[in-house]
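What follows is a single structure, written as structure tokens, with notes after it.
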Amino acid sequence: MAKNSSWLAASDLDRLVYPAWLSCNGEGTSVAYSLFEPDADTNGFSSVIHLVDGATGLAVADPLRGDIAQFAPQGHRLAYLATSGGEKQIWLREGDGAVRQLTHLRHGVNNYAWSKDGSRIVFEAPLWQEDMDEPFTPLMPAEKDACLEARRNSPVVIEELMYKFDETYGVVDGSVPCLGLVDIHTGQARLLTDGEIPCYMPAFSPDGQVIAFYGRPYSHHKAKVEEVFVLNLSTGSLQQLTFDSMCTSLGPPIFTGDGDHIIFSAYTRKEDGGGILVQLLKVPTEGGEVCNIMPADDDIGLDNLPTGRSSHGTLNPVFQLSPCGEFVYYTAAYQGSNKLYRLSLSPGGAVEQIPTGQGSLHAFCPPVNNTYFFTRADMSQPCQLYRGQKGHFQRLSDFNAWIQGHALAGWQELWVKTKDGAGQIQGWVLTPPGFVGGQKYPAVLNVHGGPTVSFVRDFNLEFQAQAASGLVVLLCNPRGSSGYGRAHTDMALAWGQEAIDDLFSFVDAALNLGFIDSDRLGITGGSYGGYMTIKIIGRSTRFKAACAQRALCNTTTSYGTGDMGFLSAAKEMPDILDFLLGRVKTSYINQVDNIHCPLLLLHGTHDYRCSFEQAEQMFIAMKDRRPDIPVRLVAFPSENHNVSRTGRPLSQRIHMQELIDWFLRFLKGEAEDNA
Amino acid sequence: MADYHRAAGLVAYTLSQGHENCMDYRRQVILKDMATGRESVITAGGESEQNPVFRPDGGAVAFISNAGGENQVWIFCLQTKQVKQLTNMRYGVKSPVWSPQGKKIAFLSPCAPGADVESLQIPLQPGERMALAKKREEEPVVITDYGYKGEEAMGFVQKETTHLWVVDAEGGPALRLSDGDRDHLMPSWSPDGRHIVFCSNRNRPRQESIGMDLFRVPAAGGEISQLSRDVWVAWYPVAIQPCFSPDGKYIVFGALAPGMKKNMPPTHLYKMPADGGEAVSLFPETLPCHDASCFIYNCQGLGGFYTTVQPSSCGEYVYFIAGWHGAGNIYRANLHGDPQVVPFVEGEFAFRGLCRPQQGKMVAARGDFSQSIELFLVDEASRSAAQITHSNPWLKDKALAPAHELWIDTLDGESRVQGWVIEPQDWRPGQTYPAVLYVHGGPTPFYGYGLTYEYQCLAAAGIAVILCNPRGSSGYGMKHQSMQRAFDGSSYYDLLQFTQAAVDTFAWIDGERLGICGGSYGGYMTNWIAAQSQRFKAAVSQRSISNFMISYASSDMAGSSKAFDSFADFMRHEIKRSPVAYADQIDIPFLILHSTGDMRTPVEGAHQLYTAIKDSHPDLPVRMVLFPNSNHNLVNSGPMPLRVAHYKETIEWFKKYL
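Protein chains in written order, with our numbering: chain C, 378 to 1052; chain F, 543 to 1200.
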């Protein structure tokens, strides 16, 4: 099949733009959104805030450099984050277009929230202990360089158990997120917390007297524990409201309309088994019992980590209170789509789905005056901005208009019975553009990470580029995936034989479609998907080429090298020798002698979820034990576990291209690229 | 690094100096007039200038300077006192060597496969340097074979490998003599100036990156021919620069003796006809030393690579430095006739390098317990050595703690262990002092007669230092050097045995306040002993091995599982012998020091060990300090602020917990 210039390729990453954070004003007449685009000069991404008319989507003002724009609760004042002197600070744009810098934090601001009366902003800012005397003296660029240089050259002292995270690209730098308050009229700012514990994602109570936020109370704990805290602004008293709540900060905590309760998201389990869901809980603002506010029969939950989509930049919180205070709106991936739901806060409140159309939601603003805004993408349509009203919606944007001239992958959805008869597996088969019936195509099974995530109907350049290169792409959500209820998401099934059976059942069903060459199957996946890739090629010769991305293959060495390696260790460490020897059995590098297919390994060097040494384990073991089988490791310098999602443009492009070239080489016999 | 020119009466050497606040060392080239003793600095204005070599007629000195950004060869004319830049290599230069006629200079410079020779001679502009750095920081690295990471690179090796070049000493474009994508090292000119002999791994699989062969190439360019067969030319662990006999008939080189599987084989000296042919050993059956290498662990000095093998002035002998019973002495081998090796200069000191002998005199570098490395003039006839440099006169004002020698018989009766106990400062009769057993790395190096600043600092903090050479150490013969004994528990008992002997011998050591410490293999032993023995009350584990499975894949010297039929069995075997598997038994305050750029014993091992101890002992003082911008050699040659911080961490830990 000849390549067609009107088909998508990895190089199109250089021009794909991404709408991200949204905000609408109190009347629902204006919308501000961030648009991210790759920047070839800096090998990074930059974002611009567009201000558009809520009815037409047409620009009403010049764009602003920045991100996370939020309209004040009333009027046309807009706050946003923009870089000033090297750090992100809060800026204000008045209704007349005048802009001014509001904060001067030493190391900038991470996020912020308006008070309901629009007079104050509470913010989260990273600070070091030594900055506490002068938190509002911004670093001059030269000072900042000197500061970074000094930090690069200084020994790093570690005395805590939780000292490194993938999110921080390694060992934490010693900064602590602190909370502060700024008056928007006077510009006067003060710190609210002293850096003793990390405090983040603050929110105002309706009366403006209390700040709710998340804090991480214990550093020695063997988990990334976060809890809900409140700070009373008049008394200065700080109170921890939740304990062992399994809270997960998908968005800032929200106050109920009367200010009496705080709603937050947390992992929940059921006594009768099954997997975890994220649900909404509430706790009295004064302290007291935490209770689950989801209907008893809720089996969808929140968020469910929709995956397999082209996205960049921070999206709005997954759950938000409607301005009227009657509902919590939230998104969840369910049965292949990321959908919008709302939970009524009235007693016995029910959940209902809000129509948003085909495909998957990205960001949303809850309704004002019955008007809501959201961004949504579909299998053949990148993310666009929509305005919804009572079930009708109207598209307001034409992002990535250049794609219209391109033939995209065809796709069909399959529901396949599981081998054990417990249920069905949903998945999709993407066919190459220009697909010709009667021909046989090579196919690549893509196993998602997690395993508690869910492939959804969405636009993904990675899959499009693979299809455009002549590969059929197979996606499915085997047991362990979220988005199908607790029974399906049971973790034990993901690590057991069930998930493998599900994947194989799905491949069989896809083969039955008649256009896939069963002798030219490939397998790939990232993280858990990479782990499954290695596990499967060590016990099956079904796949003729494999690509393990950011994979886990040897848990005897991932213990303590990744950021989560020890979470699965017993609470009271038993005999470490027994513990490590036990892990040999579940380290699928142990099957390296049975691997018969060429293996590509893609891994970020600053991956602290599944550390880079995991890729080295697999690479050296292949060289050592299987010297005649091609193996290739591509290292992505200073990229973390998100290299293919939020990595630098060059990293993302090469990641995508390497994977395609590998399968073309071993499934289509195309010559090795000498790059 | 030094060079000596007898006829001109001059010595040129590199003087390195670090500063607690400066990440880079200042290196200067010093020219010393032997007759007057006067010293002057040769400089091109760089911050780092080193590696002076005299033109054979003594009229000029070539040296390396970073005056223009990269390290380049500069030439200082002794008559005009002028310097001029000779090379303009894009990625810098090292190891300049004059042709015997003084017309040309051979040097080493990096080159990527397929790179254009001309563009490699256009120096990097400042903007280009930044762009190149960004590219190297951000460009994905494709790995298809072993040998993809390196200690010097502190990460992935660059596409550029080291190549042999030659340039006319008057200037002009340089000619590249080597090709391919492997390294070419240690060049020597044949006395007739027609050939250059060098070492390279070019014909080895990448897994054997430390395996070197000897090659020869015409100096005017041409075909490269391999001279040595079936031996590993000495490069790792101790490099020996090959040399020619003065008559140009023979090449003398060091190689690891063949036929040793499980052990680090001894290094022997061989001679080979200059145009290749059979290599003949210069070593008889029995030797007054073990081999031709001196792998001393603790003789402080900086200045890179030293030449340790030189032909005598008369051309009848070859001098070499060998480690034996703690000393680094000069020995002499016959170049002709029956093999014979005799000690040449012996004493309680350690020679580190030899300059080419001329008319009965040779300059040598040497240190001892009370002095860091200085240059000495050795008289070949009288075998006497006179000190000619005094680089650290301030040391004379410091009270250095004395070292007491001690020998013990090993428990199994197989060998004897030599060692020293460094007395604490301000030692007073009747008082007792804590002591630290400091285990050396390797395990093949040995502690000997050399000054180690850190041990003196420990002594100054009132802590005695116990040093010994357990099984696995070199300098005591093959049986003692056994690699197997280093890991089978014999060395473990040797160390505990020696510690007990030290406590028994020196009543002022408090047996209840003992600490354990060491780097690399010494770190491995520290981890092991801390888990297996109750003897010690605090530990500092430096650049250690904690899990052999991590070293298997993440060390620049990747391991092999080929001895095992099943990979799972290999994993279990490696885990069982790894200290981290016993971390739950560690119950003493434990400090871990590791460099993030350490490719030899990868830092991942430190992370795992730290987590394992912390995870199993939440209340035990456990601390890990990670050092940026440095590799496995931090304490010897890393940035001075980090070295100082490393020393302080160790000393403070023992002060606190002993």
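We put the CB at the ideal spot given by N, CA and C, even for glycine.
- The beta-bridge partner set that DSSP reports for T708/C consists of L717/C.
- Contact between the stretch 776–795 of chain F and the stretch 807–821 of chain F is present: three or more C-beta pairs spanning the two stretches fall below 8 Å.
- Taking the beta carbon of F1013/C as reference, the chain F residues within 7 Å of it are P682, listed in sequence order.
- Here P1004/C is exposed: its Cβ has fewer than 16 other Cβ atoms, across all protein chains shown, within 10 Å.
- In this structure, L658/C lies near C624/C, with their beta-carbon atoms less than 9 Å apart.
- Taking 9 Å as the CB threshold, V548/C lines the interface with chain F.
- For T934/C, a Cβ of chain F is located within less than 9 Å of the residue's own Cβ.
- Around V534/C, the beta-carbon contacts reaching into chain F at under 9 Å are R1165, M1166, V1167, L1168 and E1191.
- When the Cα atoms are used, P665/F and A675/F turn out to be separated by approximately 15 Å.
- Judged by beta-carbon spacing, W1039/C lies beyond the 9 Å limit of T963/C, meaning their Cβ atoms are not closer than that value.
- When the alpha-carbon of Y975/F is set against those of R958/F, D954/F, E712/F and A1002/F, the nearest one is in A1002/F.
- Counting along the chain, the unbroken alpha helix (DSSP H) around W1195/F starts and ends at M1182 to Y1199.
- Cβ atoms of E693/F and H1174/F come within 8 Å of each other, at about 6 Å.
- Excluding residues up to 5 positions away in sequence, S1083, Q1084, R1085 and S1086 lie with their Cβ nearer than 6 Å to the Cβ of G1065/F in the same chain.
- With a cutoff of 9 Å on beta-carbon distance, L807/C and L852/C are scored as near each other.
- In the structure shown, the three-state DSSP call for D921/F is strand.
- No Cβ-Cβ contact shorter than 9 Å links S1097/F with L1151/F.
- Proximity of Y1063/F to chain C, defined by a Cβ-Cβ separation below 9 Å, is not satisfied.
- At a cut-off of 9 Å between beta-carbon atoms, T974/F makes no contact with chain C.
- Nearest CB-CB separation between F996/C and chain F: below the 9 Å threshold.
- With 16 or more other Cβ atoms from the protein chains shown falling within 10 Å of its own Cβ, W777/F counts as buried.
- An exposed status is given to E507/C, since fewer than 16 other beta-carbon atoms sit within 10 Å of its beta-carbon.
- For the beta strand (DSSP E) assignment, the uninterrupted runs of no fewer than 3 residues enclosed by the stretch 517–602 of chain C are, from N- to C-terminal side, 533–535, 553–560, 566–568, 576–581 and 587–592.
- Per DSSP, A977/F lies in no alpha helix (DSSP H) segment; the continuous beta strand (DSSP E) that holds it begins and ends at Y975 to V981.
- Annotated as proximal: G1017/F and F837/F, with beta-carbon spacing under 9 Å.
- Residue contact with chain C for G669/F: absent (no Cβ-Cβ distance below 9 Å to any residue of chain C).
- DSSP places P668/F in the uninterrupted alpha helix (DSSP H) bounded by P668 to E680.
- At a Cβ-Cβ threshold of 9 Å, S823/F and A864/F do not count as neighbours.
- Taking 9 Å as the CB threshold, V1008/C lines the interface with chain F.
- K521/C is outside the set of residues whose beta carbon lies under 9 Å from a beta carbon in chain F.
- In the three-state scheme derived from DSSP, where H, G and I count as helix and E and B as strand, S1096/F is classed as helix.
- Under the Cβ distance rule, S1103/F counts among the residues neighbouring chain C, one pair being separated by less than 9 Å.
- Between Q697/C and I631/C, the C-beta gap is smaller than 9 Å, which places the two residues in contact.
- The beta strand (DSSP E) runs lying completely inside the stretch 879–909 of chain F and spanning 3 residues or more are 883–887 and 892–896, given in chain order.
- Exclusion of the five residues before and after G768/C leaves P732 as the residues of its chain whose Cβ lies within less than 7 Å of its Cβ.
- Taking a Cβ-Cβ cut-off of 9 Å, the neighbours of S988/C in chain F comprise E1146 and H1149, given in sequence order.
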